[in-house]
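Protein chains in written order, with our numbering: chain A, 1 to 219; chain B, 1001 to 1219. All residues carry an ideal CB built from backbone N, CA and C; glycine is no exception.
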């Protein structure tokens, strides 16, 4: 599915590595990327440096609330420690917009399962069932995203809204990655946890680029 | 690490698809594979048909207890429903042998987390800390194993004994698959759960071969 041309995407926690990488890949003509930060000034500074480094226009920096208010799709890319508080604070601005939750519950770099069952289910609990929450983008390397020509791993997309998943998969193809429908929201703990395995692989095999590819489907 | 030439491997629940696939791939000269079943007669019948189909010698069929007693490495490949009971029944025969737990907790084809935290941790709890339990082989397609020339997905290997993991990784390379040290036993719920995601992908995209490859490491 092709993403509508004039879509706007807010990246909450967008000044982090994942957020910056997403911004670089998405800032194509017609996609408006709004990097959100607790500190609007910091968001603007980061955007300035992304523009200089990548030559990409179409990126703005704002406070998180303003970023979410102005966007159609919302990516949550904060560290897990701030996840619950951030989603709660943004509930009104999010409304019924599609939320892409890319957050991985980690404690000292190791994966764990939060009380709600996963970060995705935690967000869904806070936002209510009428807000479509989709899990995605956990497993791709932030460093690879920031290199416009680096090959990306596949993106496993989960959630209980089929329509929202379809729209998010279209959005991910814009990043230059393959997206797969990886099942219901109940599968999120696996996809989030997989990032913990990739962190281990990077440490164990001295890499920064560990990622996964699905095989046996369409190849 | 190269596997010792004259090793013997018992496959508990070896008459199932995964067990038969492993037997076909492992029955190379010098590796003795013992397919175990609750019913020794069934094990022998399955071995006979594998021998006819593959021309491979070096496979035997026995009751589970006898199979484990005679082998150096033990693969557990039973459906999750029978996992706890089977491991308990075989505790004495297992002793301090390396156990490769390939079991995936599934309910109606969907992954879940058992009370112990994972199938691996359940086995470790039953067998005690002196038995090295390693999680592996969850994510490769049983059908692909049975085709001797089919390419296999990567195998994520986890467990708390570094030595046992090394030995199991050597064993997996004999199957024609790449093996990666995917971290401690605590990561098993992720690797087991990943099979649930692959089951979803197979259904969603009408395949029987969904598997994963690690990228960004050594390539």
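Give the single residue among the options whose Cα lies nearest to the Cα of residue i.
{"i": "residue 128/A", "options": "97/A, 53/A, 104/A", "result": "97/A"}
{"i": "residue 218/A", "options": "1202/B, 1215/B, 1218/B, 1214/B", "result": "1202/B"}
{"i": "residue 151/A", "options": "111/A, 177/A, 172/A", "result": "177/A"}
{"i": "residue 209/A", "options": "1180/B, 1205/B, 1214/B, 1206/B", "result": "1214/B"}
{"i": "residue 1120/B", "options": "1198/B, 1153/B, 1133/B", "result": "1133/B"}
{"i": "residue 28/A", "options": "207/A, 60/A, 93/A", "result": "60/A"}
{"i": "residue 1111/B", "options": "1156/B, 1189/B, 1015/B", "result": "1189/B"}
{"i": "residue 1191/B", "options": "1212/B, 1089/B, 1043/B", "result": "1212/B"}
{"i": "residue 139/A", "options": "104/A, 163/A, 124/A", "result": "104/A"}
{"i": "residue 1071/B", "options": "1163/B, 1010/B, 1179/B", "result": "1010/B"}
{"i": "residue 88/A", "options": "125/A, 107/A, 205/A", "result": "125/A"}
{"i": "residue 1073/B", "options": "1044/B, 1085/B, 1198/B, 1164/B", "result": "1164/B"}
{"i": "residue 1198/B", "options": "91/A, 67/A, 183/A", "result": "183/A"}
{"i": "residue 113/A", "options": "1205/B, 1026/B, 1204/B, 1187/B", "result": "1187/B"}
{"i": "residue 1247/B", "options": "1185/B, 1180/B, 1153/B, 1179/B", "result": "Coverage of chain B is limited to positions 1001 through 1219, which leaves residue 1247/B absent and any answer about it impossible."}
{"i": "residue 1205/B", "options": "52/A, 180/A, 42/A", "result": "180/A"}
What would DSSP say about residue i, mapped onto helix, strand or coil?
{"i": "residue 130/A", "result": "coil"}
{"i": "residue 1201/B", "result": "helix"}
{"i": "residue 120/A", "result": "helix"}
{"i": "residue 42/A", "result": "helix"}
{"i": "residue 1106/B", "result": "strand"}
{"i": "residue 218/A", "result": "coil"}
{"i": "residue 1007/B", "result": "coil"}
{"i": "residue 1191/B", "result": "helix"}
{"i": "residue 1054/B", "result": "helix"}
{"i": "residue 206/A", "result": "coil"}
{"i": "residue 1/A", "result": "Its pLDDT being 44, under 50, residue 1/A is placed unreliably by the model, and nothing is read from it."}
{"i": "residue 176/A", "result": "coil"}
{"i": "residue 1013/B", "result": "coil"}
{"i": "residue 49/A", "result": "helix"}
{"i": "residue 1213/B", "result": "strand"}
Closer than 6 Å by C-beta to residue i: which residues in its own chain qualify, once you throw out the five before and the five after it? Chain order, please.
{"i": "residue 1012/B", "result": "1036, 1064, 1076"}
{"i": "residue 142/A", "result": "17, 18, 21"}
{"i": "residue 175/A", "result": "25"}
{"i": "residue 1040/B", "result": "1062, 1063"}
{"i": "residue 44/A", "result": "61"}
{"i": "residue 1042/B", "result": "1015"}
Report buried or exposed for residue i, applying the criterion of at least 16 other Cβ atoms within 10 angstroms of its Cβ.
{"i": "residue 115/A", "result": "exposed"}
{"i": "residue 1118/B", "result": "buried"}
{"i": "residue 14/A", "result": "buried"}
{"i": "residue 1130/B", "result": "exposed"}
{"i": "residue 159/A", "result": "buried"}
{"i": "residue 81/A", "result": "exposed"}
{"i": "residue 122/A", "result": "buried"}
{"i": "residue 196/A", "result": "buried"}
{"i": "residue 1109/B", "result": "exposed"}
Along the alpha helix (DSSP H) that carries residue i, what are the first and last residues, could you check?
{"i": "residue 1078/B", "result": "Note, residue 1078/B: premise wrong, no alpha helix (DSSP H); not H, not E."}
{"i": "residue 1094/B", "result": "1091-1094"}
{"i": "residue 21/A", "result": "17-26"}
Ignore the nearest five residues each way along the sequence and tell me which others in residue i's own chain have a CB closer than 7 Å to its CB.
{"i": "residue 1024/B", "result": "1050, 1054, 1056, 1145, 1146, 1148"}
{"i": "residue 47/A", "result": "35, 59, 60, 61"}
{"i": "residue 216/A", "result": "none"}
{"i": "residue 6/A", "result": "30"}
{"i": "residue 193/A", "result": "111"}
{"i": "residue 38/A", "result": "64"}
{"i": "residue 8/A", "result": "32, 34, 70, 71, 72"}
{"i": "residue 106/A", "result": "80, 196"}
In terms of residues, what are the limits of the beta strand (DSSP E) holding residue i?
{"i": "residue 1181/B", "result": "1179-1181"}
{"i": "residue 1156/B", "result": "1155-1159"}
{"i": "residue 1163/B", "result": "Looking at the DSSP string, residue 1163/B is not in any beta strand (DSSP E); the run it does join, the alpha helix (DSSP H), is 1162-1173."}
{"i": "residue 1149/B", "result": "It is not in any beta strand (DSSP E) - residue 1149/B carries neither H nor E in the DSSP assignment."}
{"i": "residue 34/A", "result": "32-37"}
{"i": "residue 1059/B", "result": "1059-1063"}
{"i": "residue 1098/B", "result": "1098-1101"}
Skipping 5 residues on each side, what residues in its chain have a beta carbon closer than 8 Å to that of residue i?
{"i": "residue 1001/B", "result": "Residue placement at residue 1001/B is poorly supported in this model, since its pLDDT is 44, which falls under 50; the coordinates are not used for a value here."}
{"i": "residue 69/A", "result": "93"}
{"i": "residue 1137/B", "result": "1018, 1022, 1075, 1077, 1100, 1102, 1155, 1172"}
{"i": "residue 1095/B", "result": "1131"}
{"i": "residue 207/A", "result": "201"}
{"i": "residue 1091/B", "result": "1126, 1127"}
{"i": "residue 1086/B", "result": "1012, 1013, 1064, 1076, 1078"}
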